Structures are given as structure tokens and as C-alpha cells.
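Colleague:
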Amino acid sequence: MRVDLFDFELPSERIALRPAVPRDSARLLLVHGERLSDRLVSDLPSLLRAGDTLVFNDTRVIPAQLEGRRGDARIGATLHKREALRAWRGFIRNAKRVRDGDLIDFGSGVAARASERAEDGSMLLTFAGDEPVELLLERAGRMPLPPYIAGKRAADEQDASDYQTMFATKKGAVAAPTAALHFTPELMESLRAAGVAHETLTLHVGAGTFVPVKVEDTDEHRMHSESGRIDAATAERLNAVRANGGRIIPVGTTSLRLLESAADESGTIQPFEGDTAIFITPGYRFRAVDGLLTNFHLPRSTLFMLVSALMGREPMQAAYAHAIREGYRFYSYGDASLLLPA
């Protein structure tokens, strides 16, 4: 499909630079088929049904953005996927000044040797020493805010908590599964009281989620792979949800992509451990999910293509036009939408 079919105009003032406080006070656009309703995230217990299950991504964002030097050249790196115990693939800023074999000094006793430049411009960074890389990043790295926020303000101490979900336990992401940022212990208790269950899986979100689609046709775009895991017990419980008449509703596109990667042709979710580079566009047949809770996404992005695949391109264009008109806040720290196909 033509990528320009997924374009829309978004005023810059609609981009949220801080999350709502409290988190569940964010606005929620309910899209049920082609019907729209303006609600709040705190309304979710009344919008879902007893027997439904929300599926959260329990990945935790690591301080994966680094600033360093190679000789007299300033070099930036944003890690996006672990390749080995001490090696991460990363997008490099000022990459023309880095050759295979160069050592980049990131300060605080942290250095990495660059190699294996890929077609997308990323390089493999192998960290020196024997300390766990996670400890090195805690010392020298900073929170990798999305470029549409980082371009407007610097990351600060508040982001260290704002940009983590309440489910974040497994370190490895370089971007948050931001739909889950809206959830609080109080909201989870209200959902439990309403008979709505929840499960967790793990997909370590990579910086590839922010890479713009530069081609003119979706068939020419290549997704970056991300590693994920669904254990056998979780898969069994999720399959029982549908068998008992409930709905599986992922919280965030990362949860949805992993569920769809793990499902077989019959819609049965299998245990999963490995990489996925699934790219969902209109025409895709969904197998594992019955809806989606997600934030508002970039024009021409793979994520807007995904929600268009779930709900239809024209209904989503209409929903986004409504959200822009009504002052909804967009992107990682913005408001949410609950998408329920008719």
C-alpha cells in the first residue's frame, strides 16, 4: 500500500511533553467500530467486560542513550537490540567519523568498540571490561526519550520514573510500552473488582520503533527485530480466556505484535521465545487479539498502519481527526484510545 495513505496533519502543540497526573486521568477515545466516545482512562472498568483480559508488556527501559568521543569527534549512540552478552547494536550519531574497530569513550569508565556497520546505519558496540553492561549504562547512559520529545526538551530526573510503567520488571527496552504508562495500582484494583484480569509478556522494545518509514510503498519497508517471550503458563491462561467467552485486549502495540507473532493459524497462542519483526498493515488477519488499548501515533508510521489494519484506515483517519479537533494529547506521554472492532 502507498505510505501516503497513512499521512495526516498534526499540530505540534498536540505533542505531549509530560504525562497526565495522575496517570489514569489521561483522556481516552473509545473507538467501537466507527462510533467515537470521549472518555477517561479511569473509565476502563466500565468500558470492558467481566472475563476480559488486558495483556501488558513488562519490559523495563534501560538508560540506552550514550554520548562519547572517538578522538576529537563527538559521537552519540542509541542502543536498540542486544546481540550478545557484551554487545548491543546501536544507531550512531556522527557515524561518518566512526570506522570498524574504533573505540568510543563514553566517559565514567565506559567504552565500546564499534564494528559491523549495517545497511540502516547502525553498528555493533562491544563494551570493554567485565562489568555487566547494565551497570555501565546506569553509570554513563541516560533515558532514551523519543525524538519528538527529546527535540523539544532534555531528559531529566522526572523522566526516570515517568517513562517506566508500573509493570516494568525485565530490563532490556530502549523505549517504553507507553500505553501502559496510564495504569495505576488504583485503576488495576478497579479493573479486578470489575472482573477484568491481566497477564504480562515481555517484548524488549527497540529504537527501531521510532525509525521513520522512508519508502513510498509498505512492501518496501523492513522492520527491526525485537526479542520477546511468552511462557507456556501465560499462553495457556490466555487461550482459556477466549475459550470462556472473554476478550484478549493487549495494552500497547508491542503486546499486540508479540501475541500475533506467537499465535498459530487457528488463533491459539503458543509459547514464544525469540525475535519478531512482524509488520502489520491493512489486509492482515488478526488471530490472537480482540481489541487494543494504545496511544496516538505518528503520521506515516508503522504503528498507525497497525491500528488502521485493526479498525480500518478510514475509521482511524476519522478518529485521529476527531482527536486533533478535540485537543487530545499525542504520542508517548499523551492520551489513549481503546480500539474495539465492531
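Residues in the sequence shown are numbered from 12 upward in steps of one, following this note's numbering. Each residue gets a CB set at the ideal place from its N, CA and C atoms; glycine is no exception. As the structure is a computational prediction, the values presented were derived from the model and not from experiment.
Report the three-state DSSP secondary structure of ASP83 (helix, strand or coil).
Modeller: Coil at ASP83, not helix or strand.
Colleague: Taking Cβ to Cβ, would you say PHE117 is nearer than 8 angstroms to VAL262?
Modeller: No, the Cβ-Cβ distance between PHE117 and VAL262 is not below 8 angstroms.
Colleague: Does the Cβ of VAL252 have 16 or more other Cβ atoms within 10 Å, making it buried, or fewer, making it exposed?
Modeller: With 16 or more other Cβ atoms within 10 Å, it is buried.
Colleague: Determine the DSSP secondary structure at ILE335, reduced to helix, strand or coil.
Modeller: Helix, per DSSP.
Colleague: ASP286 lies in the beta strand (DSSP E); which residues open and close that run?
Modeller: Start and end: 283 to 287.
Colleague: Return the chain-ordered ranges of every beta strand (DSSP E) run that is complete within the segment 113 to 180 and spans a minimum of 3 residues.
Modeller: Entirely contained in the segment 113 to 180, the beta strand (DSSP E) runs reaching 3 residues are, in chain order, 114 to 118, 121 to 126 and 134 to 138.
Colleague: Relative to the alpha-carbon of ASP69, which residue among GLY323, VAL216, MET316 and PRO310 has its alpha-carbon at the smallest distance?
Modeller: Considering only alpha carbons, the answer is VAL216.
Colleague: Measuring only the C-alpha atoms, how far is LEU270 from THR189?
Modeller: If I take the Cα positions, the gap works out to 17 angstroms.
Colleague: Among the candidates LEU41, TYR159 and GLY183, whose CA atom is the shortest distance from the CA of GLU94?
Modeller: Minimum Cα distance to GLU94 is reached at GLY183.
Colleague: Which same chain residues, not among the five before or five after ALA27, have their C-beta less than 7 angstroms away from its C-beta?
Modeller: Once the five neighbours on either side are set aside, the close Cβ partners of ALA27 are ARG340, PHE341, TYR342, TYR344 and GLY345.
Colleague: What separation, rounded to the nearest whole angstrom, lies between the Cα atoms of LEU21 and ALA347?
Modeller: Rounded to whole angstroms, LEU21 to ALA347 spans 16 angstroms at the Cα level.
Colleague: In the structure shown, what three-state DSSP assignment does LEU267 receive?
Modeller: Looking at LEU267 - three-state DSSP - the assignment turns out to be helix.
Colleague: Answer yes if the segment 83 to 92 comes into contact with the segment 100 to 116, meaning at least three C-beta pairs across the two stretches below 8 angstroms, and no otherwise.
Modeller: Result yes; three or more Cβ-Cβ pairs closer than 8 angstroms.
Colleague: Starting from the C-beta of ARG324, find all residues in its chain whose C-beta is less than 6 angstroms away, skip the five residues before and the five after it, and write them out in chain order.
Modeller: Here the set comprises PRO293.
Colleague: On the CB-based measure, 16 or more other CB atoms within 10 Å of its CB, does LYS92 come out buried or exposed?
Modeller: By the neighbour-count rule (16 or more Cβ atoms within 10 Å), LYS92 is buried.
Colleague: Hey, is the segment 24 to 40 in contact with the segment 185 to 200, meaning 3+ C-beta pairs nearer than 8 angstroms?
Modeller: At 8 angstroms Cβ cutoff, the stretches touch.
Colleague: Quick check on DSSP: helix, strand or coil for ALA187?
Modeller: Correct three-state label for ALA187: coil.
Colleague: Secondary structure at PHE315, three-state DSSP: helix, strand or coil?
Modeller: Residue state, collapsed to three classes: helix.
Colleague: Report yes if the CB atom of ARG268 is closer than 8 angstroms to the CB atom of ILE289, and no otherwise.
Modeller: Contact flag set, yes.
Colleague: Once DSSP output is grouped into helix, strand and coil, what is the label at VAL42?
Modeller: In this structure, VAL42 counts as strand in the three-state DSSP scheme.
Colleague: With C-beta atoms as the reference, is GLU4 less than 8 angstroms away from PRO30?
Modeller: Residue 4 is absent from the model: the chain starts at 12 and stops at 353.
Colleague: Looking at the structure shown, is PRO22 part of a helix, part of a strand, or coil, going by DSSP?
Modeller: Coil at PRO22, not helix or strand.
Colleague: Consult DSSP for SER236 and reduce its assignment to one of helix, strand or coil.
Modeller: Of the three classes helix, strand and coil, the one that applies to SER236 here is coil, per DSSP.
Colleague: Just verifying my parser: in three-state terms, what is the DSSP assignment at LEU350?
Modeller: Note: LEU350 maps to strand in three-state DSSP.
Colleague: Leaving out five residues before and five after LEU65 in sequence, what residues of the same chain have Cβ atoms less than 6 angstroms from its Cβ?
Modeller: Closer than 6 angstroms at Cβ, skipping near neighbours: HIS209, ILE260 and VAL262.
Colleague: If you count every other CB in all the chains shown that lies within 10 Å of the CB of GLN169, and 16 or more means buried, which is it?
Modeller: Classification for GLN169: exposed.
Colleague: Taking DSSP's pairing of strands, which residues face SER48 in a bridge?
Modeller: DSSP lists LEU41 as partners of SER48.
Colleague: With the cut-off set at 8 angstroms, would you say VAL121 and ALA151 are in Cβ contact?
Modeller: Contact flag set, yes.
Colleague: With distance defined between alpha-carbon atoms, name the residue in ASP286, GLY285 and ALA332 nearest to PHE307.
Modeller: Of ASP286, GLY285 and ALA332, the residue nearest in Cα terms is ALA332.
Colleague: Output the distance between the C-alpha atoms of ARG50 and LEU303, rounded to the nearest integer angstrom.
Modeller: Taking the straight line from one Cα to the other gives about 16 angstroms.
Colleague: When DSSP builds the beta bridges, which residues end up paired with ARG108?
Modeller: Its beta-bridge partners do not exist; DSSP assigns none.
Colleague: In chain order, what residues of the same chain lie with their CB nearer than 8 angstroms to the CB of GLY338, ignoring the 5 residues before and after it?
Modeller: Counting only Cβ-Cβ distances below 8 angstroms, and skipping sequence neighbours, we find ARG25.
Colleague: Considering Cα atoms alone, identify which of ASP18, ASP54, ASP131 and ALA139 is closest to ARG233.
Modeller: Per the Cα distances, ASP131.
Colleague: Going by beta carbon distance, what residues of the same chain come within less than 6 angstroms of ALA273, once the five residues before and after it are set aside?
Modeller: Cβ within range, chain order: ILE241, ILE280, GLN281 and PHE283.
Colleague: Using the Cα positions of THR180 and ILE291, report the straight-line distance between them to the nearest angstrom.
Modeller: Cα to Cα, the separation comes out at about 27 angstroms.
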